[in-house]
Amino acid sequence: MDPLPGFSDLNLRLGVNDYEHLEIEPSGEVGTAFENEAWEARVELTHLPVGGWGGAVGLQLSDRSFSVVGEEAFTPPVDSRAMGVFWVGERSFDSFAIEAGARLENVEHEPATGADADFTTLSASLGAIIPLEDGWTATVLADYSSRAPVGEELFSDGPHLATRSFEIGDPGLEEEQALNFSATLRGAGPRWSVAGTVYYTQFNDFIYQTATGEEMDELMVRAFAQADATFSGLDLEASLVLADWGDARLELRGFFDTVSADLDVSGNDHLPLIPPDRAGIGLEYSAGAFSASVDFSRASEQNSVADFELPTDGYDDLRAYVRYGFERGGTWTELYLRGRNLTDDEQRHHTSIVKDLAPAPGRTIEAGLRVRI
0 MDPLPGFSDL NLRLGVNDYE HLEIEPSGEV GTAFENEAWE ARVELTHLPV
50 GGWGGAVGLQ LSDRSFSVVG EEAFTPPVDS RAMGVFWVGE RSFDSFAIEA
100 GARLENVEHE PATGADADFT TLSASLGAII PLEDGWTATV LADYSSRAPV
150 GEELFSDGPH LATRSFEIGD PGLEEEQALN FSATLRGAGP RWSVAGTVYY
200 TQFNDFIYQT ATGEEMDELM VRAFAQADAT FSGLDLEASL VLADWGDARL
250 ELRGFFDTVS ADLDVSGNDH LPLIPPDRAG IGLEYSAGAF SASVDFSRAS
300 EQNSVADFEL PTDGYDDLRA YVRYGFERGG TWTELYLRGR NLTDDEQRHH
350 TSIVKDLAPA PGRTIEAGLR VRI
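Using numbering that gives the first Met the number 0, the letters of the sequence shown correspond one by one to residues 0 to 372.
Structure below.
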């Protein structure tokens with residue numbers, strides 16, 4: 000039975016999050032208390048075809064109360080609410096298909112101190128999926144999006160010891176707007192697959208956090224700011240079945256990704272925390288309930304740095320994974336052994352604010368048991 004006239008399906012989703020984090024001082028007293036209470040609801044109605052267009056309309060609501068109380072109170076308590084309506088649809092033609100979507104959203108922030116902030120954002124997208132010969136498909140997409148600043152970007156004003164920084168927000172931040180173009184080419188055969196995506200994004204009033212070069216309470220001051228920016232990048236991935244016999248298979252896979260991100264300003268135009276180029280290759284063997292894989296990746300050095308940001312050396316990452324699973328009496332059991340950074344290379348992620356203070360974990364070996372009833 001249809002949920003409403005003109006609609007074929009109704010989907011409801013509700014999520015609730017209640018989080019509390021206490022930081023205990025050596026004396027045993029609570030130094031800082033973090034609390035985050037949030038819920039989100041989404042209603043989606045799939046409509047019958049209209050003018051050849053199939054799709055869905057929906058409503059999304061969210062509410063969040065976030066507070067930090069104590070010595071590390073870097074932002075006042077903030078209540079945030081959002082309401083959005085959206086539509087996504089698709090229409091097929093003889094030789095291609097069109098996908099489109101639009102979303103209108105209102106976001107409100109009410110800090111315990113200071114003025115409230117209210118934003119209305121609009122997003123829209125239009126894309127085409129074009130089947131080609133011999134298993135190839137091309138996809139082109141253009142989309143415009145806008146994003147409201149979050150409470151921490153607007154109202155932060157205090158020490159954030161987890162990042163060893165003194166964070167300063169900007170209540171005058173406006174909506175971040177982006178115009179994005181991307182093109183993807185995919186191909187697949189019985190024993191191989193390959194995909195590549197190129198993209199270009201022009202931001203107006205891009206919101207980012209940057210070091211100012213100043214210190215407060217012996218902490219680096221990091222301020223939220225806005226400027227126009229340009230992102231462009233390339234993502235590649237491929238796989239090849241080297242051998243198969245019965246239910247056993249040996250597969251080779253690889254990937255490469257790169258991104259360039261620059262501010263549209265004079266002087267140093269590099270954005271902080273931009274990931275370096277990465278490339279990797281892996282081998283996986285699977286046979287029924289057993290599988291094993293080994294993957295090696297290389298992150299290049301990152302020398303395109305913002306003011307008061309240090310370059311980051313490249314690093315290697317060797318990983319391995321072995322798994323065996325079986326079902327008995329309606330219960331699924333899985334045994335696994337996982338190894339990360341097996342060469343024990345010093346890894347510092349350029350996307351981490353604390354990368355100069357704390358590297359990523361060294362060699363890690365983990366054994367585990369999963370049971371699903």
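Ideal Cβ positions, reconstructed from N, Cα and C, are used throughout, including at glycine.
Because the structure is a prediction, the values reported are computed rather than measured.
Give me the Cα-Cα distance between Val220 and Glu71, rounded to the nearest whole angstrom.
14 angstroms
Taking only three categories from DSSP, how would you classify Gly134?
coil
Cβ of Thr162 within 8 angstroms of Cβ of Ile352?
Annotated as proximal: Thr162 and Ile352, with beta-carbon spacing under 8 angstroms.
Between the segment 91-107 and the segment 117-125, can you find at least three pairs of beta-carbon atoms closer than 8 angstroms?
yes
Might you give, ordered along the chain, the residues of its own chain that have their beta carbon closer than 6 angstroms to the beta carbon of Ser290, omitting 5 neighbours on each side?
Counting only Cβ-Cβ distances below 6 angstroms, and skipping sequence neighbours, we find Arg322.
What is the DSSP secondary structure of Glu71, counted as helix, strand or coil?
coil
So Glu383 and Phe254 are supposed to be a Cβ contact under 8 angstroms. How far apart are they, rounded?
Here the chain has residues from 0 to 372 only, and residue 383 is not among them.
Is it true that the CB of Asp261 sits closer than 8 angstroms to the CB of Arg277?
With contacts defined by Cβ atoms closer than 8 angstroms, Arg277 and Asp261 do not form a contacting pair.
Strictly by DSSP, which residues pair up with Arg12?
Bridge partners of Arg12: Arg41.
Helix or strand or just coil, what does DSSP make of Glu173?
coil
Residue nearest to Thr350 in terms of C-alpha spacing, selected from Ile372, Pro275, Leu60 and Ala288:
Pro275
Spell out a yes or no on whether the segment 35-43 and the segment 3-13 are touching, meaning 3 or more CB-CB pairs, one atom from each, closer than 8 angstroms.
yes
In this structure, does DSSP put Thr112 in helix, strand or coil?
Coil.
Bridge partners for His159 per DSSP, in chain order?
Ser164
Under the rule that 16 or more other beta-carbon atoms within 10 Å means buried, what is Phe325, buried or exposed?
exposed
Between the Cα of Arg371 and those of Asp343, Arg347, Leu334 and Asp355, spot the shortest distance and give me the residue it belongs to.
Leu334
Using DSSP with H/G/I as helix, E/B as strand and the rest coil, what is Glu345?
coil
Check whether the Cβ atoms of Leu125 and Trp191 sit closer than 8 angstroms, and answer yes or no.
no
Backbone CA spacing between Gly150 and Glu175 [nearest angstrom]:
Whole-angstrom Cα-Cα distance: 14 angstroms.
Selection from Thr112, Leu218, Gly50 and Ser145 that minimises the alpha carbon distance to Ser122
Ser145
Could you compute how far the alpha carbon of Leu317 sits from the alpha carbon of Pro271?
Distance between the alpha carbons of Leu317 and Pro271 is about 27 angstroms.
Test item: CB-CB of Trp374 and Gly88 under 8 angstroms
In the structure displayed, the chain extends from 0 to 372; residue 374 sits before or after that span and is not available.
Run of the alpha helix (DSSP H) containing Phe255, from where it starts to where it stops:
Segment Ala247 to Leu262 is the beta strand (DSSP E) holding Phe255; no alpha helix (DSSP H) there.
Using 8 angstroms as the Cβ pair cut-off and three pairs as the minimum, do the segment 180-196 and the segment 210-230 touch?
no
Residue(s) in a DSSP beta bridge with Arg80:
Asp62 and Glu107
Look at the alpha carbon of Asp78 and the alpha carbon of Ile206, and state the distance between them as a whole number of angstroms.
21 angstroms
Residue range of the beta strand (DSSP E) that includes Gly279
Arg277 to Ala286
Per DSSP, Asp317 is paired with what?
It should be pointed out that residue 317 corresponds to Leu in this sequence rather than to Asp. Paired residue(s): Phe295.
Inter-residue Cα distance where the pair is Asp1 and Gly338
50 angstroms
Would you identify the three-state DSSP class for Gly51, choosing helix, strand or coil?
In the structure shown, Gly51 falls within a coil segment according to DSSP collapsed to helix, strand and coil.
Among the candidates Ala288, Gly361 and Glu308, whose CA atom is the shortest distance from the CA of Arg327?
Ala288
So, do the segment 81-96 and the segment 46-66 have three or more beta carbon pairs nearer to each other than 8 angstroms?
yes
For Asp344 and Glu109, what's the separation of their Cα atoms in angstroms?
So the alpha carbons of these two residues sit roughly 46 angstroms apart.
Any idea what DSSP makes of Leu153, helix, strand or coil?
helix
Count the other CB atoms, across all protein chains shown, that sit within 10 Å of the CB of Ile167; report buried if there are 16 or more and exposed otherwise.
buried
Assuming contact is defined by CB atoms lying nearer than 8 angstroms, are Val68 and Thr31 in contact in what I supplied?
Taking 8 angstroms as the Cβ cut-off, Val68 and Thr31 qualify as a contacting pair.
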